[in-house]
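Colleague: All the letters of the sequence shown, read from the start, carry residue numbers -21 to -1, 1 to 203 under mature numbering (1 follows the signal peptide of the UniProt record, and there is no 0).
Just so it is clear, CB atoms sit at the ideal spot from N, CA and C, and this is done for glycine as well.
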Amino acid sequence: MQKRSLLCSLIGCLSTLSAYSQTCLLSYQTRLDELLPKAILEKHYTANLSTAQLRYRKSASNYAKYDTYEYVWPSGRTMPQKIGKQTLDIPDNNRIGIGWINEINPKYHPDPLNYFKNFYRTATDAEKKKAAELIDKKLAEKGGTPIDKAAGKAVSGIVVNHAGYEPIAGIGDAATWDFTSNQLIVLKGRVTFQVISRIGTDVKANQALAKKLAAEVLAKCPKS
């Protein structure tokens, strides 16, 4: 009985610590500049950020999970972006920052790790095609203005052309690299956040910086 009580106490303690970590991360939704301040960015990225532009996109308080905070500066690069049948060359700026701190809803996804691994995975060509067809079908059923239809086609194109994900070990409970957005998506407990890291065309260098920044974020809420 004593062993059982001790085990229950340990389980309860671990649960409490995990809840603390999640609450801690969520408390930074509206304070991203405190979670990953410029001094920390400069600690791990030694190039001069004095000319970088701060872009802090804030939403209404009930949509804080969409907030992003990043430093952006010109790179001289462009990248092709396919929108529907058209391909455009757009500026490929350097960017580092963080955003999209979100809690996975336990009502719909009781197992956050399983949900994370299934959601952030590279879709097969057949799955991409099916998703694009479903979007087109919904657009046809809904009707809408030419602008609505063009926007829908753009979304469909993004789905089809998404470059995929790469699982990254040793960060949080799980992590994955989004090749399209150059972001490291991290799961801790039920909370996810995304580290923005685009400092060049070297994927490994982008990932290496993102890992260091993610570690700094997790260190702010160490109990788990």
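How many Å lie between TYR24 and THR9 at the Cα?
Modeller: Looking at the two C-alpha atoms, the distance is approximately 24 Å.
Colleague: Can you tell me whether TYR35 is buried or exposed, with buried defined as 16 or more other CB within 10 angstroms of its CB?
Modeller: With fewer than 16 Cβ atoms within 10 Å of its Cβ, TYR35 is classed as exposed.
Colleague: Thinking C-alpha only, which one of GLY78, ASP46, THR159 and ARG74 is nearest PRO59?
Modeller: That would be THR159, whose Cα lies nearest to the Cα of PRO59.
Colleague: Ends of the beta strand (DSSP E) at ILE164?
Modeller: Residues 162 to 167.
Colleague: Can you give the Cα-Cα distance for ASP71 and GLY55, rounded to whole angstroms?
Modeller: Near 7 Å, if we compare the C-alpha coordinates of GLY55 and ASP71.
Colleague: Pop quiz: LEU28 and TYR50 are said to be a contact at Cβ under 8 Å. What is the actual Cβ separation, rounded to whole angstroms?
Modeller: Indeed, because the Cβ distance is near 6 Å, the residues count as touching under 8 Å.
Colleague: Report all residues from its chain with a CB closer than 6 Å to the CB of ALA193; omit the five preceding and five following residues, and keep chain order.
Modeller: Within the same chain, ALA193 has close Cβ partners ILE150, LEU163, VAL165 and VAL174.
Colleague: Can you give the beta carbon distance from LEU4 to ASP46, rounded, assuming they're within the 8 Å contact cut?
Modeller: That pair is no contact at about 13 Å.
Colleague: Spell out the partners DSSP gives GLY76 in its beta bridges.
Modeller: GLU49 and ILE175, per the DSSP bridge assignment.
Colleague: Work out the CA separation of ASN97 and ASP90 for me, nearest whole Å.
Modeller: One C-alpha to the other measures close to 11 Å.
Colleague: On a CA-only basis, which of ALA105, LYS44 and GLN186 is nearest LYS78? Give me that one, please.
Modeller: Correcting the residue identity first, residue 78 is Gly in this sequence and not Lys. Ranking ALA105, LYS44 and GLN186 by Cα distance to GLY78 puts LYS44 first.
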